[in-house]
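Q: For the sequence shown, the working numbering gives the first residue as 6, with consecutive numbering after it. Okay, handing you the structure first.
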Amino acid sequence: GFSIFYMGINLGAFIAPLICGYLGQNINWRLGFAAVTVGMTLGLIQYRLGAKHLGTAGQLVRTNSPDERSQLRRSLSLGLGIVAALVLIPLGLHVSGMVHVTVEGVRTVVGIILLLMPILYFGALFRSGGWTPEERKRLVAIVIFYIAAALFWGSFEQAGSTLNLFADRFTRNAVLGIPFPSTWWQSVNSVFIIALAPVFAWVWLALNRRKLEPSTPAKFASGLLFVGLGFLLLVPAALLVQGGGEGTRVGVGWLLGVYFLHTVGELCLSPVGLSTMTKLAPERIVGQMMGIWFLGAATGNFIGGNVGGLFETYPLDKIFLAVFATSAAAAFLMFLGIRMIRRLMGGVH
């Protein structure tokens, strides 16, 4: 089910770079970002108008307990207050001249927040009472999957930084002699997702019927391995452009291979991760666990952006090899820990 859902959201991810990227690179970036705004607004309108078809799915379960309603209001107020403080305090300090806010400073603060949030959250979760021994084991499994997912997205999300720079500067962006904007590479992953998601859904079901379906930890390990192999594939291409002199570019086949491997890795890990989080999480914190899952993706984006910042100062082949080594090491550790993690999962496949 999650594989089909994943295919659906990638329909939009396929169209967006084609429109916004073309407008940005061929006309101006103001128009490109304006198109982004229009698209997001239309998406929100569509969601609101289509909500009536969702029935009660995802709706907040109302409680008649005054204490629980009061606790919910306090939690919402606290959350909104924290968000407002994180935005308004730095803005006020910058406007008043007391603190000079820089991009580098914002990046450092965001990195600290992304590092501390899961540590504080999981720490508070384990300190709180009320968990059965089985639930505690499953929470440990969730922590392991969170770390693995953050490492995966740290490699995968370089599509918008390192890989996009490689496409723009070192790739002959043309098919059958017809040139295309380098931003269109951002749609390639979605094309592969749309094509391969039904195949993966069928494969998992077929293997499950034969009792041969890989376990969730094995799928995570495979996802990490495939994303690493994508960067390993790009090492020879990096050596070609570095050794060929200024203006040397490689063909589109290199990046097509990278995105194919990355998509296979994504389909091994991401839909499986979404499904596993809902199964492992205690019922009363399922929503929070889904949020934590996407926090892992945000952490990965931050890691990927920082690696992209090395593009100008480090040899490309060394960057790609380092990313491969990190992903492969994480995959190896996941493979080693399959039995232990499955025990922690307590029967959840």
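C-beta: ideal position from N, C-alpha, C; glycine also.
1. Would you mind sorting residue 317 into buried or exposed? The rule is 16 or more other CB atoms within 10 Å of its CB.
2. Can you round the beta-carbon distance between residue 124 and residue 294 to whole angstroms, since I take them to be within the 8 Å contact cut?
3. Between the C-alpha atoms of residue 85 and residue 175, what's the straight-line distance to the nearest angstrom?
4. Taking 8 Å as the threshold (C-beta atoms), are residue 313 and residue 163 in contact?
5. If we count Cβ pairs, one from each stretch, closer than 8 Å, do we get three or more for the stretch 259-272 versus the stretch 220-234?
6. Sorted by chain position, which residues of the same chain lie with C-beta nearer than 8 Å to residue 121's C-beta, five sequence neighbours on each side aside?
7. Taking the alpha carbon of residue 332 as the point to measure from, which residue in 280, 354, 290, 271 has its own alpha carbon closest?
8. Looking at the structure shown, is residue 87 part of a helix, part of a strand, or coil, going by DSSP?
9. Among 238, 278, 287, 58, which has the Cα closest to the Cα of residue 324?
10. With a cut-off of 8 Å on the beta carbons, I'd call residue 49 and residue 40 a contact; round off their distance for me.
11. Tell me, please, whether the stretch 193-200 touches the stretch 11-24 by the rule of three or more beta-carbon pairs shorter than 8 Å.
12. Put residue 114 into one of helix, strand or coil per three-state DSSP.
13. Specify whether the stretch 248-261 and the stretch 288-302 touch according to this definition: at least 3 beta carbon pairs, one from each stretch, less than 8 Å apart.
14. Between the Cα of residue 263 and those of 167, 103, 274, 33, spot the shortest distance and give me the residue it belongs to.
15. Look at the Cβ atom of residue 279, then the Cβ atom of residue 142, and state whether they are nearer than 8 Å.
16. Going by DSSP, name the residue or residues bridged to residue 184.
17. Quick check on residue 59 - is its C-beta less than 8 Å from some C-beta in chain C?
18. Look at the Cβ atom of residue 1, then the Cβ atom of residue 305, and state whether they are nearer than 8 Å.
19. Report yes if the CB atom of residue 224 is closer than 8 Å to the CB atom of residue 273, and no otherwise.
20. Since residue 3 is in the alpha helix (DSSP H), which residue starts that stretch and which ends it?
21. According to DSSP, is residue 255 helix, strand or coil?
22. How is residue 136 classed by DSSP in three states: helix, strand or coil?
23. Is the distance from the Cβ of residue 229 to the Cβ of residue 153 below 8 Å?
24. What first and last residue would you give for the alpha helix (DSSP H) that runs through residue 298?
A: Well, looking at it:
1. Under this definition residue 317 is an exposed residue.
2. Taking a contact as a CB-CB distance under 8 Å, the pair residue 124 and residue 294 does not count as one, their CB atoms being some 16 Å apart.
3. In a straight line, the C-alpha of residue 85 is about 45 Å away from that of residue 175.
4. Going by C-beta atoms, residue 163 is nearer than 8 Å to residue 313.
5. Contact annotation: the stretch 259-272 touches the stretch 220-234, with at least three C-beta pairs closer than 8 Å.
6. Listed in chain order, the non-local C-beta contacts of residue 121 below 8 Å within the same chain number zero, local neighbours out to five positions each way being set aside.
7. With distances taken between Cα atoms, residue 332 lies closest to 271.
8. Of the three classes helix, strand and coil, the one that applies to residue 87 here is helix, per DSSP.
9. Among 238, 278, 287, 58, the Cα nearest to that of residue 324 is on 238.
10. Here residue 49 is actually not in contact with residue 40; their C-beta atoms are around 15 Å apart, not less than 8 Å.
11. Yes: at least three Cβ pairs fall under 8 Å.
12. Judged by DSSP in its simplified three-state form, residue 114 adopts helix.
13. No, the stretch 248-261 is not in contact with the stretch 288-302.
14. Comparing alpha carbon positions, the residue from 167, 103, 274, 33 closest to residue 263 is 167.
15. At least 8 Å separates the beta-carbon of residue 279 from that of residue 142.
16. According to DSSP, residue 184 bridges with 179.
17. Among the chains in the structure shown there is no chain C, since it carries only a single protein chain.
18. The structure shown has nothing for residue 1, since the chain only spans 6 to 354.
19. Their beta carbons are under 8 Å apart, which means residue 224 touches residue 273 by this criterion.
20. The displayed coordinates of the chain run from 6 to 354. Any statement about residue 3 would go beyond what the structure contains.
21. When secondary structure is reduced to three states using DSSP, residue 255 falls in the strand class.
22. Annotated three-state conformation of residue 136 is coil, per DSSP.
23. With respect to the 8 Å criterion, residue 229 and residue 153 are classified as neighbours on the basis of their beta carbons.
24. Here the alpha helix (DSSP H) through residue 298 covers 291-313.
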